[in-house]
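Participant: Here it is: the structure, laid out below.
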Amino acid sequence: MPRIHHPEPLHPGQTLELGAAATRHVQVLRLQPGAALTLFGGCAHGSEAVAEVLQMGRNRVQVQVHALRPGAPAPLRPVHLAVGMPANERMDWLVEKATELGVASIQPLHTERSVLRLQGERAAKKVAHWQAVAVSACEQCGANHVPPILPVQALLPWVQALGALDGAVGAESDAAAPWRAVLSLASGSQPWPAALAQVQPRTRPLCLVLGPEGGLAAAEEQALRAHVFAPVSLGPRVLRSETAALAALALALA
């Protein structure tokens, strides 16, 4: 049954028109009146809706919701990725695969060694594109939580804002606050699986930072460590940024 993202509230018996992106998706699939489909994104607690196409128009699709049902459960541990954006299509690939694995959110970062530079309207368009990639990945893989792709930020202001938040609310003493780590090639970095085993409770969120091509600059890593990001390692091999992100995410969600 085709899966269509519809972020507005859904309830049994409801008749509604799909948004522009969902309408295009249904038209590409060549669905006809009477066809069944699954809607997700607008149901509470990760549930999804069983619906039926009522009418197909040139620029509109009307559907009726028949029932709600439980969806695939969200990962037990939320993992938030903050990534120095890789160039070309690698960021698209990272967003798609991280969504399939179950990432909670993605924060794109400008770093000193970033090849990809985005500002203003161009940055906003890229974030909207990546959000659409995440939606498409959820439609394909069966996940009902679409991870937010946050606005592009520079790494140092971003980590400084985290420090200000800690000071305001005492987040570092709160066991429910995300445990922070940064992927590092520095000697003495703790193996990522060993670090994960020490993070309790098992449901505690994680925030993992990793650099782009060329990794993080020394000053950036020092700033992260000063804000309680523990240095962790995936081993002796130097992985591409998108490979490292997905390997670390898969281990964290295992």
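In numbering that gives the first Met the number 0, the protein residues as written are 0 to 253.
Yeah, the Cβ is synthetic: ideal placement off N, Cα and C, and Gly gets one too.
#1: Could you check how far apart the C-beta atoms of H79 and P204 are, in whole angstroms? I think they sit under 8 Å.
#2: Using 8 Å as the cut-off, can you tell me whether the segment 189 to 197 makes contact with the segment 221 to 240, which would need three or more C-beta pairs spanning the two stretches below that distance?
#3: Give me the DSSP bridge partner(s) of A180.
#4: To the nearest angstrom, how far is it from the Cα of E212 to the Cα of P85?
#5: Which partner residues does R68 have in the DSSP bridge list?
#6: Could you check the C-alpha separation between A19 and G141 for me, to the nearest Å?
#7: So, with DSSP's three-state summary, where would you put V27?
#8: Secondary structure at T37, three-state DSSP: helix, strand or coil?
#9: Assess, as a yes-or-no matter, whether the segment 116 to 123 is touched by the segment 214 to 227 under the definition of 3 or more beta carbon pairs within less than 8 Å.
#10: Starting from H128, trace the beta strand (DSSP E) in both directions and tell me its first and last residue.
#11: How big is the Cα-Cα spacing for P147 and S104?
#12: Apply the 10 Å Cβ neighbour rule to T202 and answer buried if 16 or more other Cβ atoms are within range, or exposed otherwise.
#13: Is DSSP giving P77 helix, strand or coil here?
#14: Which residue comes first and which comes last in the alpha helix (DSSP H) that contains P6?
#15: Report the rounded CA-to-CA distance for V87 versus L115, giving the unit in angstroms.
#16: Thinking C206 and A81 are a contact (beta carbons under 8 Å), I'd like their distance in whole angstroms, please.
#17: For the alpha helix (DSSP H) containing E99, list its first residue and its last residue.
#18: Measuring CA to CA, which of Q26, L75, A176 and P69 is closest to I3?
#19: Do you know offhand how far L282's Cα is from A136's?
Facilitator: Taking the coordinates as given:
#1: In the sequence shown, the residue the question calls residue 79 occupies position 80. In the sequence shown, the residue the question calls residue 204 occupies position 205. The pair is a contact, with the Cβ atoms about 7 Å apart (cut-off 8 Å).
#2: yes
#3: Numbered from its first residue, the sequence shown carries residue 180 at position 181. Per DSSP, L207 and A229.
#4: Within the sequence shown, numbered from 1, the residue matching residue 212 stands at position 213. Within the sequence shown, numbered from 1, the residue matching residue 85 stands at position 86. For E212 and P85, the distance between alpha carbons rounds to 6 Å.
#5: Taking the sequence shown and counting its residues from 1, one reaches residue 68 at position 69. Beta-bridge pairing links R68 to E47.
#6: Along the sequence shown, read from residue 1 onward, the residue named residue 19 stands at position 20. Along the sequence shown, read from residue 1 onward, the residue named residue 141 stands at position 142. Rounded to whole angstroms, A19 to G141 spans 21 Å at the Cα level.
#7: Residue numbering aside, residue 27 sits at position 28 when the sequence shown is read from its first letter. DSSP places V27 in helix when its eight states are reduced to three.
#8: The residue you call residue 37 lines up with position 38 of the sequence shown. Here T37 sits in strand by DSSP.
#9: no
#10: Taking the first residue of the sequence shown as 1, we reach residue 128 at position 129. Premise fails: H128 lies in the alpha helix (DSSP H), G119 to C140, not in any beta strand (DSSP E).
#11: Residue mapping note: residue 147 aligns to position 148 of the sequence shown, counting from 1. Residue mapping note: residue 104 aligns to position 105 of the sequence shown, counting from 1. P147 and S104: Cα-Cα distance of roughly 5 Å.
#12: Within the sequence shown, the letter at position 203 stands for residue 202. Classification for T202: exposed.
#13: Residue numbering aside, residue 77 sits at position 78 when the sequence shown is read from its first letter. Of the three classes helix, strand and coil, the one that applies to P77 here is coil, per DSSP.
#14: Start at 1 with the first residue of the sequence shown, and residue 6 comes out as number 7. That residue, P6, is in no alpha helix (DSSP H); it is neither H nor E in DSSP.
#15: As a working mapping, residue 87 is identified with position 88 in the sequence shown. As a working mapping, residue 115 is identified with position 116 in the sequence shown. The sequence shown places Asn at residue 87, not Val. Cα-Cα distance, rounded: 8 Å.
#16: Within the sequence shown, residue 206 is the residue found at index 207, counting from 1. Within the sequence shown, residue 81 is the residue found at index 82, counting from 1. Their Cβ separation, rounded to whole angstroms, is 7 Å, which keeps C206 and A81 in contact under 8 Å.
#17: On the sequence shown, residue 99 is found 100 positions in, with the first residue counted as 1. Element bounds for E99: R89 to L100.
#18: Counted from its first residue, the sequence shown places residue 3 at position 4. For the residues Q26, L75, A176 and P69, the minimum Cα distance to I3 belongs to Q26.
#19: A question about residue 282 goes unanswered here, because the residues of the chain that appear run from 0 up to 253.
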